[in-house]
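Q: If you're matching them up, the sequences are chains A and B in order.
So the first sequence is numbered by our numbering: it starts at 1 and just counts up by one.
So the second sequence is numbered by our numbering: it starts at 1001 and just counts up by one.
Using N, Cα and C, we set each Cβ at its ideal position, and we do this for glycine too.
There are 2 protein chains.
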Amino acid sequence: MRIVINMATRRRTPQEEERTSDGKVEAQAALSRLGSWLEERGLKHSRQRDVIVETFYGMGGHVPVDGLVARVRSLDARVSVATVYRTMKLLAECGIAVPRRFDDGQTRYEPATGRSHHDHLICTGCGRIVEFENEKIEELQNRVARSHGFEVESHKLELYGRCDRCRRGEAGSREARP
Amino acid sequence: MRIVINMATRRRTPQEEERTSDGKVEAQAALSRLGSWLEERGLKHSRQRDVIVETFYGMGGHVPVDGLVARVRSLDARVSVATVYRTMKLLAECGIAVPRRFDDGQTRYEPATGRSHHDHLICTGCGRIVEFENEKIEELQNRVARSHGFEVESHKLELYGRCDRCRRGEAGSREARP
DNA sequence: TGAGATAATGAGAATCGTTATCAATATGGC
DNA sequence: GCCATATTGATAACGATTCTCATTATCTCA
Ligand SMILES: [Mn+2]
Ligand SMILES: [Mn+2]
Ligand SMILES: [Zn+2]
Ligand SMILES: [Zn+2]
Chain A
1 MRIVINMATR RRTPQEEERT SDGKVEAQAA LSRLGSWLEE RGLKHSRQRD VIVETFYGMG
61 GHVPVDGLVA RVRSLDARVS VATVYRTMKL LAECGIAVPR RFDDGQTRYE PATGRSHHDH
121 LICTGCGRIV EFENEKIEEL QNRVARSHGF EVESHKLELY GRCDRCRRGE AGSREARP
Chain B
1001 MRIVINMATR RRTPQEEERT SDGKVEAQAA LSRLGSWLEE RGLKHSRQRD VIVETFYGMG
1061 GHVPVDGLVA RVRSLDARVS VATVYRTMKL LAECGIAVPR RFDDGQTRYE PATGRSHHDH
1121 LICTGCGRIV EFENEKIEEL QNRVARSHGF EVESHKLELY GRCDRCRRGE AGSREARP
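1. Does the separation of the CB atoms of residue 1142 of chain B and residue 144 of chain A fall below 8 Å?
2. Name, in chain order, the residues that DSSP records as bridge partners for residue 109 of chain A.
3. Can you tell me whether residue 1123 of chain B is helix, strand or coil according to DSSP?
4. In the structure shown, what three-state DSSP assignment does residue 942 of chain B receive?
5. Residue 1161 of chain B touches chain A at which residues, Cβ-Cβ below 7 Å?
6. Does residue 1128 of chain B pass the burial test, meaning 16 or more other C-beta atoms within 10 Å, or should it be called exposed?
7. So what does residue 31 of chain A bridge to, in DSSP terms?
8. Does the Cβ of residue 123 of chain A lie closer than 7 Å to at least one heavy atom of ligand 4?
9. Just reading off the alpha helix (DSSP H) that residue 84 of chain A is part of, what are its end residues?
10. Looking at chain B, is there any beta carbon in it that lies within less than 8 Å of the beta carbon of residue 5 of chain A?
11. Tell me the DSSP bridge mates of residue 1155 of chain B?
12. For a contact meaning CB atoms closer than 8 Å, what does residue 193 of chain A contact in chain B?
13. Using a Cβ-Cβ cut-off of less than 8 Å, give me the residues of the stretch 1120-1138 of chain B that come near chain A, in sequence order.
14. Taking its Cβ as the centre, do 16 or more other Cβ atoms sit within 10 Å of residue 66 of chain A, making it buried, or is it exposed?
15. Measuring only the C-alpha atoms, how far is residue 108 of chain A from residue 166 of chain A?
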């Protein structure tokens, strides 16, 4: 077995993340990170920000804002949509969440703490989203960009298709169809 | 020199297309293709569809709908936005135009006739859009998808970064900033 | 050529996701 | 607790696109 500190601190792959994350510890880390980020720039804490962060981390995956609003409101019915949108923007700014816009015109957020860059496979049947990393593709992207005089700052790579489950006729849907 | 028929009929690369397309001949081809497509399903053709197709092909590149509307209206001020949207959807359906949604929330269309699949480099400085094809990336995409049980139907690959011109400080803008 | 059937159009209302406005409220340092 | 000010909630506004529906154009066939 490896040294525990090592296991805990290195970046996890998407697959590992999916297996190990239960939301609770991640949420705590995110909250304290948000806390110091806010203090550094003279901003204030709030009850609703805490609720939103905890709920967000509790949901996991690629969370659409309206879904998050619904879940948050089941805990505190007075939280407004505006606050949820504002808070998720904050989380993106301070590196706690990453916004994703797939092809269905709504922004989803996914937890970012301790996770590495990855791209997405999206099932056009059931909406399932699978993450992958491919160093070779990234390398080729940089190469083709440079050959056209570009320096890549970011990229978007989404593969749309049918997952194995859907090709067999089942219609399981764990993530809402995007 | 190669045989002329061969040069004229094979699919052109993005770069060749950019150099050779003047819009006029392409527009004629597109119009007749649209004509038979409409007749095949008992639809009618119309003055405004002709104007829209001609204008669209005259503009070239990656045309935002509002830009197309403006240009069309300079020829016929009565054409409504609804008609332009409807027509562009038609053109997409019959394979004359391809819709593209880059990261600025508006749909652009590009001419599709006789062009091959390609992806895009987008300059975050001036909005310039450069097209590229990379067979190796496509191959790797299929491979990674299959390894996760997916069969790719379509994909989106966009590389965002700064072009050579912009990195040198110029701010030339041939395509509107997306 | 003209009537009838129906597809297409134009104007504007409606939609959707998101952001802006602004008065009311909460927070944090003193 | 007080005050300055950051945050909130309710709702209006927004931009892109689609929908509605009454009017108009196109096509077919006599
Ligand atoms: Mn992800
Ligand atoms: Mn293109
Ligand atoms: Zn599926
Ligand atoms: Zn540029």
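A: This is what the structure holds:
1. Start at 1 with the first residue of the second sequence, and residue 1142 of chain B comes out as number 142. Start at 1 with the first residue of the first sequence, and residue 144 of chain A comes out as number 144. In this structure, residue 144 of chain A does not lie closer than 8 Å to residue 1142 of chain B by Cβ.
2. The residue given as residue 109 of chain A occupies position 109 in the first sequence. Beta-bridge annotation (DSSP): residue 109 of chain A is paired with A:63, A:99.
3. As a position in the second sequence, residue 1123 of chain B is number 123, starting the count at 1. Residue 1123 of chain B: strand per DSSP, three-state reduction.
4. This structure cannot settle anything about residue 942 of chain B, because the visible part of chain B is limited to 1001 through 1178.
5. Translated into positions along the second sequence, residue 1161 of chain B becomes position 161. Within 7 Å Cβ-Cβ: 145, 150, 151, 152, 153.
6. Here residue 1128 of chain B corresponds to residue number 128 of the second sequence, with the count starting at 1. Flag for residue 1128 of chain B reads buried.
7. Against the first sequence, residue 31 of chain A aligns to sequence position 31. In DSSP, residue 31 of chain A forms no bridge with anything.
8. Along the first sequence, read from residue 1 onward, the residue named residue 123 of chain A stands at position 123. No, the beta carbon of residue 123 of chain A sits no closer than 7 Å to any heavy atom of ligand 4.
9. Residue numbering aside, residue 84 of chain A sits at position 84 when the first sequence is read from its first letter. Taken as a continuous stretch (DSSP letters only), the alpha helix (DSSP H) holding residue 84 of chain A covers 81-93.
10. Along the first sequence, read from residue 1 onward, the residue named residue 5 of chain A stands at position 5. Its pLDDT being 30, under 50, residue 5 of chain A is placed unreliably by the model, and the measurement read from it follows with that caveat. No, because no Cβ of chain B sits closer than 8 Å to the Cβ of residue 5 of chain A.
11. As a first step, residue 1155 of chain B must be located in the second sequence, where it is residue number 155. According to DSSP, which records beta bridges pairwise, residue 1155 of chain B is partnered with A:159.
12. No answer is possible for residue 193 of chain A: it lies beyond the span of chain A, which begins at 1 and ends at 178.
13. 1121, 1123, 1124, 1130, 1132, 1134, 1136, 1137
14. On the first sequence, position 66 is the one that residue 66 of chain A refers to. Exposed is the call here.
15. Mapped onto the first sequence, residue 108 of chain A falls at position 108. Mapped onto the first sequence, residue 166 of chain A falls at position 166. The straight-line gap from Cα to Cα measures roughly 23 Å.
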